[in-house]
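Protein chains in written order, with the working numbering: chain R, 1 to 243; chain Z, 1001 to 1321.
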Amino acid sequence: MTQGGFPATRPSVVRDLGSADPARRAAAHEALARSYWRPVYVYVRLRWRRSPEDAQDLTQEFFTRAFERDYLSRYDPGKARFRTFVRTCLDGFLANEDKAAGRLKRGGGLTIAGVDFARFDADLAAHARSDEPDPERWFYLEWVRGLFADAVDLLRARCDAEGHGPAFTLFVRYDVEEPVDGARPTYATLAQETGLRVTDVTNQLAWARRAFRDIVLTLLRDVCASDEEFRAEARDLLGVDAS
Amino acid sequence: MTFVSDAAIARLRGLEDHPDFAGTRYDVLDEIGRGGMGIVFRGRDRELGREVAIKVTAWSTAAEADRLRREARTLAALEHPGIVPVHDVGRLPDGRVFTVMMLVRGERLDVCAARLPLHDRLRLFDRICDAMSFAHARGVIHRDLKPANIMIGPFGQVLVLDWGLARPGSDPGAAHSGSDPDVVPGVAHPGSDPGLTPATIHGGTDGYMAPEQVRGTVDARSDVYALGAILDGLSGESASRLLRPLRSVVDRARRADPGARYQTVADLAADVRRFLDGAAVTAHKETVLERTRRVARTYRTPIALVLAYLAMRGLLLFWRP
């Protein structure tokens, strides 16, 4: 069900959330948790001002509760995008949790494997802004961050498997990493660093960017409920027509 | 587990938006439009010191990029006052293909047409047909004709643009050898194999896209269908009896069956010109009453003169000084 530790590509895990097949339903919830843990965690941490430990527990608990009570399968595509629905559910969950503080048994049930909350928290503090006043926008930015982070990890796995290591190195250097002195490296600098010709740098970067974009679109399709939503999200995210 | 910073998110989201034109003779000034096939920028050609439109197509493989460049060369060969000229084509460092075209200034057909009388709107339509007929004669089908892709310049020039979905024929040069300018050679000829158009790619815009295009096959008659939709918009909502022949022209151009449509753009244009000139259109079977009205309308000046003459003679007959 997984590829490189990430949700496998399927028409949409959202559609499987209400599946009659328990295994399929569980897999869909697990995949969704792995796609959404970052925005949920950051939202709990910063919007609801919870400590890292509390936010970690509440993030796990939210996905466990969603699985047990099946409330994500009640999504109606006619009313909002799926990510908006997730945030609304999260707000409801956190409001109820406030009222019943201490009553919940946290951290049981569905677990999000391979997630290092502490490291993510440190990275967030070092590299992310927190001045976005609109909670919907805030949630969206964290969702995008998660999607791109997963896509970068998947691209690394693909490059390792297919012998495109130099392309991945160039992509990370030019498009992902923060420039040390504030200025992005030129293609000529990258060519010097890697011992490649400038035209090779150009071609390798072109390949890596295309591959990255394809992976993002694949991941995106997985967490959209319909083709229409997928196209709208792709347009918003990358400015592309993904039809 | 990779962490993607806010700055990196902005860069990665903008991979499509900010093409790197370093190493070319062009500077990108600002974005002027975007669609399924790519983004169009207003740019500046430093060598010639003029503003241009630069279309950067969506991501493409090396094979697709080669095809796009071949198509750009075909379009560059379409030298016609009604077709936006292609100046240059190239490939960006990230692999995308860019096409440099004339920067068209003016307004969209539908915006301009809203303030024109029917006669002038149909004259504009005739000039659009002229440009399309020319393209078809050179084996190029537009595939996405709609008012948004037709600009009217400040001096009334008609310019058909956004040939991003266009498909060239196998040998554009061969088109010139035909004696009949309305015959679309190679892939674009009605009934022939569309060849270069992949069956799974239809492109186009709802409302203007022919039914067969939705199914993945196109030929020149698909453009005839789109022109019929444009003519429909230009004809207005009037239910006047006088416009029945024009309605019939629209209906024939928009038939679901390509075989039942006008077979060439020139045929369609000829019928529109007949309507403008007060002649009978081939798409409409007139009743005796309609014919009488049309003839009376068309020849109203000579008829009025004859009637005036007869009236005068009648008066002279009975006049006794």
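Think of the CB as a built atom: it goes at the ideal place given N, C-alpha and C, for glycine as much as any other residue.
Model, not experiment: these values are computed from the prediction.
Annotated three-state conformation of Z/H1119 is helix, per DSSP. Looking at the DSSP output, Z/M1132 sits in no beta bridge, so it has no partner there. For Z/A1008, the residues of chain R that pass the 8 Å Cβ criterion are F148, D175, V176, E177 and E178, in the order they occur in the chain. In the three-state reduction of the DSSP assignment, Z/T1099 falls in the strand class. By the rule that beta-carbons nearer than 7 Å mark a contact, R/R145 touches chain Z. With fewer than 16 other Cβ atoms from the protein chains shown falling within 10 Å of its own Cβ, Z/H1119 counts as exposed. Taking a contact as a CB-CB distance under 8 Å, the pair Z/L1276 and Z/L1122 counts as one, their CB atoms being some 5 Å apart. At a cut-off of 7 Å between beta carbons, R/A188 makes no contact with chain Z. For R/A149, the closest alpha carbon among the candidates R/D21, R/D181, R/S19 and R/S35 is that of R/S35.
Between the C-alpha atoms of R/E136 and R/R87 there is a straight-line separation of about 8 Å.
The three-state reading of DSSP puts Z/T1301 in helix, counting H, G and I together. Short of 6 Å from the beta carbon of Z/A1283, and not among the five residues preceding or following it, lie these beta carbons of its own chain, in chain order: S1248, V1249, R1252 and D1271. If you draw a straight line from the Cα of R/P77 to the Cα of R/L17, it comes to about 13 Å. Here the alpha carbons of R/V42 and R/L94 stand approximately 13 Å from one another.
For the C-beta of Z/L1012, the chain R residues within less than 7 Å are, from N- to C-terminus, F148 and D175.
Listed by position along chain R, the residues whose Cβ is nearer than 8 Å to that of Z/M1001 are G114, V115, D116, R119, F120, A149 and D153. Counting along the chain, Z/R1050 sits inside no alpha helix (DSSP H); it lies in the beta strand (DSSP E) bounded by residues R1050 to T1057. Chain Z has no Cβ within less than 7 Å of the Cβ of R/A161. Under the Cβ criterion of 7 Å, Z/S1005 is counted among the residues facing chain R. Residues of the region 201-225 of chain R with a C-beta atom less than 9 Å from some C-beta of chain Z are V201, T202, N203, L205, A206, W207, R209, R210, F212, R213, D214 and V216, listed in chain order.
For Z/G1038, the enclosing beta strand (DSSP E) covers residues G1038 to D1045. By the Cβ-count criterion, Z/R1115 is exposed, with fewer than 16 other Cβ atoms from all chains shown falling within 10 Å of its own Cβ. In the three-state DSSP reduction, R/Y43 falls in the helix class (H, G or I).
Its chain contains V1250, A1253 and R1254 as the residues whose beta carbon lies nearer than 6 Å to that of Z/G1228, once the 5 sequence neighbours on both sides are disregarded; these appear in chain order.
Cβ-Cβ separation between Z/V1004 and Z/C1129: approximately 52 Å, too far for a contact (criterion under 8 Å). Chain Z places a beta carbon closer than 7 Å to that of R/D123, counting this residue as a contact. In the structure shown, R/V201 adopts helical secondary structure according to DSSP, grouped into three states.
Counting other Cβ atoms within 10 Å of its Cβ, R/K79 stays below 16 and is therefore classed as exposed.
Taking C-beta separations shorter than 7 Å and ignoring five residues to either side along the sequence, the partners of R/Y187 in its chain run V198, V201 and T202, following chain order.
At a beta-carbon threshold of 8 Å, none of the residues of chain Z lie near R/L46; the nearest stands roughly 14 Å away. In the assembly as shown, R/W207 is a buried residue. Its beta-carbon has 16 or more other beta-carbons within 10 Å. In the structure shown, the three-state DSSP call for Z/D1027 is strand. Residue state for Z/M1209 is assigned as coil, using DSSP reduced to three classes. In the structure shown, Z/H1284 falls within a coil segment according to DSSP collapsed to helix, strand and coil.
In this structure, DSSP gives R/H164 a state outside helix and strand, which the three-state scheme calls coil.
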